[in-house]
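Colleague:
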């Protein structure tokens, strides 16, 4: 065990950096109000949705605004929902901006930028009363509505006819959106130079002209009362902007991961793409395998050879890895498997959100498969739980499943730069030759179930690593006594690991009678719902454990006993986490479930709190 990382462990971090303010730890979507007369709307945070056809520039528009806003001093948190198709189909990119930290993507929209009619039709219902609709008249004909402000911006005409640069339509849109809340242009021009400078001065000049055209249109055609004023925080150099996938990959590097094998799958592919670039810089290897079965077996081979190894996939790929995970359990090989959950079953909805793989992660496989399951709750937490996953895998010589989800995987957020002083890197217990006459016992009985592991070629450390049941030497054995003894050994490790569970997220009033137990990305939405409930006189407390198998009794047992009512919000139909809690702690809980392929809204959690509060004194 030793201090973790060092600068090399975070190689590539600078590529994802955007200077950004921190702000307070208070949360809640504190809406502002639109004032009369000529004054602009004053808001504490702003929710902007850009919607259109995939391939039309929705993603690039959102990314440019996000990065520029972060550099300008705003806390940013995004939500991206593309179609399953590469081109065509409806896509949306939502940005929440604030001068202080926020924890969810936001509920109602302040600004909707609709690139086409479908974007308008599918999203207009979420624009709040008094919100601003921006539409391209060549592509969209909205209905008249006095509850909102509608501004026609001829994006297509400006790009195609005025600038003779049809591909610059999205950059015109960037200028329009940025001008609406006063985003400094120097950040945008710098980003355009970074993005397009290598294409030459002519291409760069066209993009600058497109940006200026968008800014100028707002200045000339949109009155001040229809703009927004949003206070930014001070720019800080210790803030970066990364996605959950990037943060997770950085955590793996910091933990000492030096081998990755994977196969592309939405929404986990970014992890492999990131590590393909960064692992060679630290002497590591990244392999794109022919399928997920090959991936998990390559990872197990690297673990057997002494390397810290990882793969990343989503539900369909994880299903293919199940037999390999059984081999990792039986042979006691440490490895990390990321499952970035998406809506299923089967191919399901590849780009939609769901927390539906908990049963699969915890129990998937034939026979009894003791393994550990972790779930990060935020983009920042993705980094630290990746480190924890490797530490637990190495310490207990087991596969560790890291359950991310679509929301966390593709979300971009401004977070504090990961602090290497906060982490400790654990390495596996290694065999030391001792000259014992009976030779090396790879699976020797120990109090904690963990036996020293030798490396291939180590004198005196030869053993058989097999998926067959085996005795202490690794030789296959099928007698009842051996199976009972080795099963107990494997489970003893898991039972001990519960004491090493990472700290759970706790938030709210410890004296409240209403408790909420949740997991994964839903935790951030719950935090904001608790804040809103408090404003209405409803007190609640949340706990979100990071270790889901085994459940950490020292974090949950007292909480489960002390609350009069327990709500369990999760994004699945069957209430998987609620079932695990009920089975473990033998008390009734109230499942709160959504299962439409989208994350919770704060209002949905708040409604559940209001309903139970009526029955709590």
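In my numbering, the protein residues as written are 3 to 619.
Idealized CB from N, CA, C, for every residue including glycine.
(1) The beta strand (DSSP E) that contains residue 482, what's its start and end?
(2) Locate the alpha helix (DSSP H) running through residue 126, then write down its first and last residues.
(3) I need the boundaries of the alpha helix (DSSP H) containing residue 264, first residue and last residue.
(4) Based on the DSSP output, what are the partners of residue 472 in its beta bridges?
(5) Do the stretch 60 to 70 and the stretch 130 to 142 make contact, defined as three or more Cβ pairs closer than 8 Å?
(6) So residue 116 is in the beta strand (DSSP E); what residue range does that whole segment cover?
(7) So, for residue 32: in the same chain, excluding its five sequence neighbours on each side, which residues have a beta-carbon less than 6 Å away from its beta-carbon?
(8) Can you find the residues in the same chain that come closer than 8 Å, C-beta to C-beta, to residue 584, ignoring five residues on each side of it along the sequence?
(9) Which residue's Cα is closest to the Cα of residue 417: 76, 150, 53, 55?
(10) With a 10 Å radius around its C-beta and 16 neighbouring C-beta atoms as the bar for buried, classify residue 88 as buried or exposed.
(11) Are the CB atoms of residue 334 and residue 399 within a distance shorter than 8 Å?
(12) Under three-state DSSP, which class holds residue 217?
(13) Between residue 174 and the rest of its own chain, which residues show a CB-CB distance below 6 Å, the 5 nearest in sequence each way excluded?
(14) Can you check the stretch 348 to 431 for any alpha helix (DSSP H) of at least 4 residues that lies completely inside it and give the ranges in chain order?
(15) Tell me the residue span of the alpha helix (DSSP H) that contains residue 193.
(16) With 16 other CB atoms within 10 Å as the buried threshold, where does residue 457 fall?
(17) Under the DSSP definition of a beta bridge, which residues are partnered with residue 593?
(18) Could you check which residue in 536, 526, 609, 577 has the C-alpha nearest to that of residue 104?
(19) Skipping 5 residues on each side, what residues in its chain have a beta carbon closer than 6 Å to that of residue 35?
(20) Distance, Cα to Cα, residue 441 vs residue 483?
(21) Reducing DSSP to helix, strand and coil, say where residue 98 ends up.
(22) Roughly how many angstroms separate the alpha carbons of residue 476 and residue 327, rounded to a whole number?
(23) Out of 316, 500, 370, 138, point me to the one whose CA is closest to residue 122's CA.
(24) CB residue 503 to CB residue 382, shorter than 8 Å?
(25) Would DSSP call residue 77 helix, strand or coil?
Modeller: Looking at the coordinates:
(1) Note, residue 482: premise wrong, no beta strand (DSSP E); alpha helix (DSSP H) at 482 to 499.
(2) In the DSSP assignment, residue 126 falls outside any alpha helix (DSSP H) and carries neither an H nor an E.
(3) If you look at residue 264, you'll find it isn't in any alpha helix (DSSP H); it sits in the beta strand (DSSP E) that goes 261 to 264.
(4) 478
(5) These segments do not touch.
(6) 111 to 116
(7) Low per-residue confidence applies at residue 32: pLDDT is 34, beneath 50, and the placement is therefore not dependable enough to give any value.
(8) 590, 591
(9) Nearest of 76, 150, 53, 55 to residue 417, Cα basis: 76.
(10) exposed
(11) yes
(12) Of the three classes helix, strand and coil, the one that applies to residue 217 here is helix, per DSSP.
(13) 157, 160, 161, 212, 215, 216
(14) Fully enclosed alpha helix (DSSP H) runs of 4 or longer: 360 to 365, 381 to 398, 408 to 412.
(15) 187 to 198
(16) exposed
(17) 570
(18) 526
(19) Bear in mind that the predicted position of residue 35 carries a pLDDT of just 34, short of 50, making it unreliable; the figure below should be weighed with that in mind. None.
(20) 21 Å
(21) strand
(22) Spanning the alpha carbons of residue 476 and residue 327 requires a straight line of approximately 18 Å.
(23) 138
(24) no
(25) strand
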